[in-house]
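Notes to accompany the following structure.
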Amino acid sequence: PKPNGDPTAMLMKSYACQRRTPLKHHNSFLTEALEILSQNAEYNDNEGRSVAFRRAASVLKALPRRVRSMQDLRCLPCLGDHSQRVIKEILEDGSSREVESTRQSEQYQAMKALTGIFGVGVRTADRWFREGLRSPDDLIRRGQQLNREQQAGVQYYDDLQKPVTKVEADVISDIVEKAVHAVLPGAEIQLMGGFRRGKEVGHDVDFLITHPEEGKEEGLMPKITNWLKEQGLLLYQKTTRNSYLEKMDGPARASSNMDRFERCFSIFKLQKSAVSCKSSSTASAEDVSTARESERPGEHHSEASGWRAVRVDLVVSPYSQFAFATLGWTGSKLFERELRRWAGQEKHMSLSSHALYDSKQNLYLRAKKEEEIFAYLGLEFIPPSERNA
Ligand code: 8DG
Ligand code: MN
Ligand code: MN
Numbered sequence: 002p003k004p005n006g007d008p009t010a011m012l013m014k015s016y017a018c019q020r021r022t023p024l025k026h027h028n029s030f031l032t033e034a035l036e037i038l039s040q041n042a043e044y045n046d047n048e049g050r051s052v053a054f055r056r057a058a059s060v061l062k063a064l065p066r067r068v069r070s071m072q073d074l075r076c077l078p079c080l081g082d083h084s085q086r087v088i089k090e091i092l093e094d095g096s097s098r099e100v101e102s103t104r105q106s107e108q109y110q111a112m113k114a115l116t117g118i119f120g121v122g123v124r125t126a127d128r129w130f131r132e133g134l135r136s137p138d139d140l141i142r143r144g145q146q147l148n149r150e151q152q153a154g155v156q157y158y159d160d161l162q163k164p165v166t167k168v169e170a171d172v173i174s175d176i177v178e179k180a181v182h183a184v185l186p187g188a189e190i191q192l193m194g195g196f197r198r199g200k201e202v203g204h205d206v207d208f209l210i211t212h213p214e215e216g217k218e219e220g221l222m223p224k225i226t227n228w229l230k231e232q233g234l235l236l237y238q239k240t241t242r243n244s245y246l247e248k249m250d251g252p253a254r255a256s257s258n259m260d261r262f263e264r265c266f267s268i269f270k271l272q273k274s275a276v277s278c279k280s281s282s283t284a285s286a287e288d289v290s291t292a293r294e295s296e297r298p299g300e301h302h303s304e305a306s307g308w309r310a311v312r313v314d315l316v317v318s319p320y321s322q323f324a325f326a327t328l329g330w331t332g333s334k335l336f337e338r339e340l341r342r343w344a345g346q347e348k349h350m351s352l353s354s355h356a357l358y359d360s361k362q363n364l365y366l367r368a369k370k371e372e373e374i375f376a377y378l379g380l381e382f383i384p385p386s387e388r389n390a
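Numbering (the numbering used here), first residue to last: 2 to 390.
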């Protein structure tokens, strides 16, 4: 074991934003286990522990091959004692007792089901869990008070649990483009989030909208949502300028990634015919054959209808902040977090989705493209497809 003389040894940088992390990697059998422990720590409001497991998983995603022994892990950063214990057990026994008992635990399963509801964050889910609630069905049965967002979340729960495909995302892109150009010609629309990173499925579809003439984008969101509403394409929408408070109870509560862009959390009504037109494969008869006999009140089952519900996030940014917004909304969440940590700890800079501030020079650094931001930060440019940390 002499790392420098070993041609197979690679130098693994310790911040995820210094590394290339492809979407497909060789160690999902380990990363999935570590991410369950990370998720569970988040459910228990232990952010430090949650991030530690997530960083460990991320390092394994960046490895060029499958881990076969603990020897393969020498010289790797971010692998704490606990993560190493878990990895060792999986390598030796095929699974980890801690991971399996977590996966099976009533709390983990209930928290997963409850936080899986649109509009329900860890805090709310935890309160409901302590009141004996375990699932969306429990909420309906017990007549639990819900806000408007959560009502939509429960109503479209089944649909929103189903992954959104790239073809569905492309159909929605066309719709959003049509809406935006109808209300503001010349506006630019960019697909963000997981789909920009090359994912084939996602839990939602994210868009960033801007206009080359600064100021033209002001007040744009209500115009877009009104157009979509008139077309009958929106099942739910909430537009906010500063979503700080909402996010305090959302899944990203702890991420400190909040911004003040005008944004819209929405649920689209997506016609299945539009999707089967777009995809080259033929439409199946499955829609009809699997239709459910009955619907519980308050729930929509898309098997029985010609459409499905899809979560869509829209964000409007002024042109001068577009590069920062692009970087901030591409993800992954860990990649974003690591970028901000790198900026602060290594460069005395402060990065947000709006700007990059240099504390040493006391000035804001301008950027038109993501590449320039990486350069200011002294980082090699990492393309979106390799930000899957
Ligand atoms: P998925 O939907 O396929 O599951 O994955 P994703 O696209 O990576 O996750 P996402 O939850 O849709 O988030 C997309 C990006 O948006 C991610 O990098 C984090 C970022 N993001 C939020 N909320 C906020 C926020 O309030 N401010 C900023 N600046 N970024 C945010 O999700
Ligand atoms: Mn997304
Ligand atoms: Mn999103």
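Beta carbons are placed, not taken as given, at the ideal position from N, Cα and C, and that holds for glycine.
{"Check": "Can you list, in chain order, the residues of its chain whose CB lies under 8 Å from that of Thr103, leaving out five sequence neighbours each side?", "Outcome": "Ile37, Leu38, Asn41, Tyr109"}
{"Check": "How many Å lie between Arg21 and Arg55 at the Cα?", "Outcome": "16 Å"}
{"Check": "Between which two residues does the beta strand (DSSP E) carrying Ile210 extend?", "Outcome": "206-211"}
{"Check": "Where are the alpha helix (DSSP H) runs, 4 residues long or more, that stay fully inside the region 178-231, in chain order?", "Outcome": "194-197, 221-231"}
{"Check": "Between Glu372 and the rest of its own chain, which residues show a CB-CB distance below 6 Å, the 5 nearest in sequence each way excluded?", "Outcome": "Phe382"}
{"Check": "So, is Arg388 buried or exposed, given that buried needs 16 or more other C-beta atoms within 10 angstroms?", "Outcome": "buried"}
{"Check": "Could you give the distance in angstroms between the alpha-carbon of Gln146 and the alpha-carbon of Gln162?", "Outcome": "22 Å"}
{"Check": "Return the residue from the list Ser277, Gln105, Ser386 that minimises the CA-CA distance to Thr166.", "Outcome": "Ser277"}
{"Check": "Please list the terminal residues of the continuous alpha helix (DSSP H) segment that includes Ala53.", "Outcome": "48-62"}
{"Check": "For Val123, which three-state DSSP category applies?", "Outcome": "helix"}
{"Check": "What is the rounded straight-line gap between the Cα of Val393 and the Cα of Phe269?", "Outcome": "Coverage of the chain is limited to positions 2 through 390, which leaves residue 393 absent and any answer about it impossible."}
{"Check": "Any heavy atom of ligand 1 closer than 7 Å to the beta-carbon of Lys62?", "Outcome": "no"}
{"Check": "When burial is assigned at 16 or more other CB atoms within 10 Å of the CB, is Pro186 buried or exposed?", "Outcome": "exposed"}
{"Check": "Go through its chain and collect everything with a Cβ distance to Lys279's Cβ below 7 Å, but skip five positions before and after it.", "Outcome": "Val168, Asp171, Val172"}
{"Check": "Compute the beta-carbon to beta-carbon distance between Leu328 and Ile374, rounded to the nearest angstrom, for a pair I have assumed lies under 8 Å.", "Outcome": "6 Å"}
{"Check": "Please work out which residues of its chain come closer than 8 Å, Cβ to Cβ, to Leu246, disregarding the five sequence neighbours upstream and downstream, and give them in chain order.", "Outcome": "Annotation note: pLDDT 38 at Leu246 (below 50); position unreliable, coordinate value reported separately. Nothing listed; no residue qualifies."}
{"Check": "Under 8 Å, do Asp413 and Phe266 count as touching if we go by C-beta distance?", "Outcome": "Residue 413 is absent from the model: the chain starts at 2 and stops at 390."}
{"Check": "Give a yes or no on whether the C-beta atoms belonging to Ile210 and Leu221 are separated by under 8 Å.", "Outcome": "yes"}
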